[in-house]
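For the record, the sequence lines run as chains S and H.
Counting from 1, position 180 in the first sequence corresponds to residue 180 in my numbering; the numbering is continuous, with no gaps.
When you read off a place in the second sequence, starting at 1, and then add 335, the result is the number in my numbering.
C-beta: ideal position from N, C-alpha, C; glycine also.
2 protein chains.
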Amino acid sequence: MANATVDLVGIGNALVDVLVNVEDSFLNAEDLQKGGMFLVDAAQSDALYTKLSDLFPAGVEMSGGSCGNTMAGFASLGGKGAYIGKVKADQFGDAFRKGMQDQGVAFDSSPTTEGLATGKCLVLVSPDAQRTMVTFLGAATELTPDDVTEETIASGKVVYLEGYLFDQDAAKNAFIKAADLAHDAGQEVSLTLSDGFCVDRHRDAFRALVEDHVDILFANEQEILSLYQVENFDDALQQVRAHCRIACLTRSEKGSVVLSGEDVHIVDAEPVDRVVDTTGAGDLYAAGFLYGYTQGLPLATCGRIGAIASAEVISHYGARPEADLKALVAAKLDL
Amino acid sequence: MANATVDLVGIGNALVDVLVNVEDSFLNAEDLQKGGMFLVDAAQSDALYTKLSDLFPAGVEMSGGSCGNTMAGFASLGGKGAYIGKVKADQFGDAFRKGMQDQGVAFDSSPTTEGLATGKCLVLVSPDAQRTMVTFLGAATELTPDDVTEETIASGKVVYLEGYLFDQDAAKNAFIKAADLAHDAGQEVSLTLSDGFCVDRHRDAFRALVEDHVDILFANEQEILSLYQVENFDDALQQVRAHCRIACLTRSEKGSVVLSGEDVHIVDAEPVDRVVDTTGAGDLYAAGFLYGYTQGLPLATCGRIGAIASAEVISHYGARPEADLKALVAAKLDL
Chain S
1 MANATVDLVG
11 IGNALVDVLV
21 NVEDSFLNAE
31 DLQKGGMFLV
41 DAAQSDALYT
51 KLSDLFPAGV
61 EMSGGSCGNT
71 MAGFASLGGK
81 GAYIGKVKAD
91 QFGDAFRKGM
101 QDQGVAFDSS
111 PTTEGLATGK
121 CLVLVSPDAQ
131 RTMVTFLGAA
141 TELTPDDVTE
151 ETIASGKVVY
161 LEGYLFDQDA
171 AKNAFIKAAD
181 LAHDAGQEVS
191 LTLSDGFCVD
201 RHRDAFRALV
211 EDHVDILFAN
221 EQEILSLYQV
231 ENFDDALQQV
241 RAHCRIACLT
251 RSEKGSVVLS
261 GEDVHIVDAE
271 PVDRVVDTTG
281 AGDLYAAGFL
291 YGYTQGLPLA
301 TCGRIGAIAS
311 AEVISHYGAR
321 PEADLKALVA
331 AKLDL
Chain H
336 MANATVDLVG
346 IGNALVDVLV
356 NVEDSFLNAE
366 DLQKGGMFLV
376 DAAQSDALYT
386 KLSDLFPAGV
396 EMSGGSCGNT
406 MAGFASLGGK
416 GAYIGKVKAD
426 QFGDAFRKGM
436 QDQGVAFDSS
446 PTTEGLATGK
456 CLVLVSPDAQ
466 RTMVTFLGAA
476 TELTPDDVTE
486 ETIASGKVVY
496 LEGYLFDQDA
506 AKNAFIKAAD
516 LAHDAGQEVS
526 LTLSDGFCVD
536 RHRDAFRALV
546 EDHVDILFAN
556 EQEILSLYQV
566 ENFDDALQQV
576 RAHCRIACLT
586 RSEKGSVVLS
596 GEDVHIVDAE
606 PVDRVVDTTG
616 AGDLYAAGFL
626 YGYTQGLPLA
636 TCGRIGAIAS
646 AEVISHYGAR
656 PEADLKALVA
666 AKLDL
């Protein structure tokens, strides 16, 4: 890691988030299971977008994507990050790039000039603050192994990959290439499972990956239960302990559990006055944990930073931090 | 354990519980910190009892005491238990004995015929289902090492001790004698810390005990934080892991954590429709865990049984199970 110029290199689906408050009845009418992430094509995305515009007040549009959110949080914490992802040279693509750069994240992937438009994620926030996502991946699907360069990977300490990449073969290959390059360079590979349904779609591949390529795994309760096809959190915990060097299991208001060999830490959730929108909770937990980790802090402290970053993002609308996370963490942890 | 005729021998303060629903304002007026256990003398107990009778509807009177509740739960689960504790040969003493025997727990300690009356615990249940206890130990303070016989201890597999015994020197000596006899007979010793304030009063003694004499420790969050004088659950967890063979840490709605060497199990709380009265939650958790343990079940299953027994007792008024716990557990766990 002597050559590391950034702390974290993230690879993900580059998407613009469109956040809209909806009623539960809308989700039912559209047959969207609450809490899920649904992949749609351009036409379906446009149709839903139009319907939403008619029915609900205008939503907020901002650069997003799971890994993008993590990188923004990582930068807000004071970490140096670089992002690899694919947008088109269009209005949304420009907005995405500007959003990343404004947050202090290096983003040098060249945009596509033809093919699909920049990807878009319609984030439907229901009154109970849960989010249901309808995603058109667009240009993000055009990420290929060529976009993952040895130079960029070697510039970091840890590579962070979002599980959603597994929904596209080319992106999946980019993912594997990044993991291999990172390990060849003596660096570590972290992965978030991203979504219970995504795990369902790629269970065997994820299991193999966790066992063979991943050093640090992030998963929420639904995802880890799905990965090991068990019904009970403790059973999942026993499985993942045996298969992964470090695992961070997040459990919403129940906090998180950080496992590493014999080490086990139970990290309480950070209190939140009112949960407004849980979008980005997992992304920001990963940001906080990895910030602590790349700073060489103890695992329990890494988990605490994750909890603080996560609490900040769920206390407002949108998946990117609004507060200065570095200052927030410093105030709470006396770092 | 070849000679074991019972599974569990419990030693505790034999008390009759008087349960009364009170308003928070009453606790404030009486300067009773909610959630605590306060030791009073006969006169104070009588005065409060009279005041309660004037202000609130008549309470329920039933045999109780922390360890007594555990033994009742243990019997309801199908375990064979024996209880050692001191009552007077008076009306309440007879009621206590009958209560234990009705629940299937052997109780052969001879009553005192002079001295203090049978002990009484005024359990003040506030509207949020928390309980504050005002205890007159009475005859229970006359428990001495002579009441702990090698024969009774050797008849069991595990000895269970309540931390409240530490408030009386004679009982504390009975406690140490029981632990030594149990270990000499190749049996195991379990302890519940009982109460955060009780831990405060005897912290050094409890720490020495946990390190040197206790095989299985039960503690709730407040108690374990107090034992190690730390502010954060995870810090307490790291301490207790290093000092005790098996520790069961209960966290109310957050469930429990069972630790044993490298083994760690996170056991979710059993869902409860409505929490009516948390009195006995910890006592019944211990009952369930120890039932599973004396049956040779895996630690995670022991914790699950504890969670189920605990959920039953907090869903109604009073600290003794109303349901047939054996049937309840069988239905839920398919044992």
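Under 9 angstroms from the C-beta of residue i: neighbouring residues of chain S
i	result
H600 of chain H	D234, L237 and Q238
Option in the options with minimal Cα separation from residue i
i	options	result
I266 of chain S	S:A311, S:G85 and S:V258	S:V258
E114 of chain S	S:S126, S:A129, S:A139 and S:M100	S:A139
D443 of chain H	H:V353, H:I488, H:E597 and H:K512	H:I488
I246 of chain S	S:D200, S:T149 and S:E211	S:E211
G627 of chain H	H:G414, H:M372 and H:T453	H:G414
G280 of chain S	S:Q229, S:A129 and S:S260	S:A129
T192 of chain S	S:H243, S:H213 and S:Y164	S:Y164
A309 of chain S	S:A300, S:F289, S:P298 and S:A174	S:F289
T149 of chain S	S:A72, S:P271 and S:A179	S:A179
V534 of chain H	H:N555, H:L516 and H:A517	H:N555
D429 of chain H	H:S398, H:S490, H:Q564 and H:L572	H:S398
G10 of chain S	S:R274, S:A117, S:V158 and S:K172	S:V158
F409 of chain H	H:H651, H:L343 and H:A505	H:L343
Residue burial classification, residue i (beta-carbon count within 10 angstroms, cutoff 16)
i	result
V395 of chain H	exposed
G400 of chain H	buried
G186 of chain S	exposed
D195 of chain S	buried
S25 of chain S	exposed
N28 of chain S	exposed
D215 of chain S	buried
Q503 of chain H	buried
R320 of chain S	buried
A622 of chain H	buried
D147 of chain S	buried
E23 of chain S	exposed
D234 of chain S	buried
S110 of chain S	exposed
K433 of chain H	exposed
E347 of chain S	What is shown of chain S runs 1 to 335, which leaves residue 347 of chain S out entirely.
A58 of chain S	exposed
E151 of chain S	exposed
R251 of chain S	buried
Proximal residues of chain H, C-beta to C-beta of residue i below 7 angstroms
i	result
E142 of chain S	By Cβ distance, chain H contributes nothing, its closest Cβ being about 42 angstroms from E142 of chain S, past 7 angstroms.
K254 of chain S	K589
Closer than 9 angstroms at the beta carbon, the chain H residues around residue i
i	result
V257 of chain S	V599 and I601
Contact set between residue i and chain H, taken where Cβ atoms lie within less than 8 angstroms
i	result
A345 of chain S	Only positions 1 to 335 of chain S appear in the structure, and residue 345 of chain S is not among them; the question remains open.
Cα-Cα separation, residue i to residue j
i	j	result
A89 of chain S	T112 of chain S	6 angstroms
F501 of chain H	F541 of chain H	9 angstroms
K86 of chain S	E162 of chain S	14 angstroms
L39 of chain S	T135 of chain S	5 angstroms
G35 of chain S	L225 of chain S	15 angstroms
S76 of chain S	E262 of chain S	32 angstroms
V575 of chain H	D618 of chain H	20 angstroms
Q630 of chain H	Y495 of chain H	15 angstroms
E523 of chain H	D334 of chain S	43 angstroms
H243 of chain S	V351 of chain H	51 angstroms
L584 of chain H	V20 of chain S	42 angstroms
A269 of chain S	F218 of chain S	16 angstroms
A331 of chain S	S256 of chain S	21 angstroms
M133 of chain S	D277 of chain S	13 angstroms
S190 of chain S	D184 of chain S	15 angstroms
V353 of chain H	G653 of chain H	9 angstroms
Q426 of chain H	C456 of chain H	15 angstroms
C67 of chain S	L325 of chain S	17 angstroms
V341 of chain H	R538 of chain H	31 angstroms
R131 of chain S	L32 of chain S	11 angstroms
V264 of chain S	V599 of chain H	8 angstroms
N232 of chain S	E647 of chain H	20 angstroms
A82 of chain S	L572 of chain H	37 angstroms
E336 of chain S	S155 of chain S	Since the first and last residues shown for chain S are 1 and 335, residue 336 of chain S lies out of range.
Cross-chain neighbours of residue i in chain S, by beta carbon under 7 angstroms
i	result
A635 of chain H	D234
Quick check: the segment 43-60 of chain S against the segment 97-104 of chain S, are at least 3 beta-carbon pairs closer than 8 angstroms? In short, these stretches do not touch, since the Cβ pair count stays below three.
Okay, do the segment 46-56 of chain S and the segment 304-323 of chain S touch, 3+ Cβ pairs below 8 angstroms being the bar? When Cβ pairs closer than 8 angstroms are counted between the two stretches, the segment 46-56 of chain S is seen not to touch the segment 304-323 of chain S, the count staying below three.
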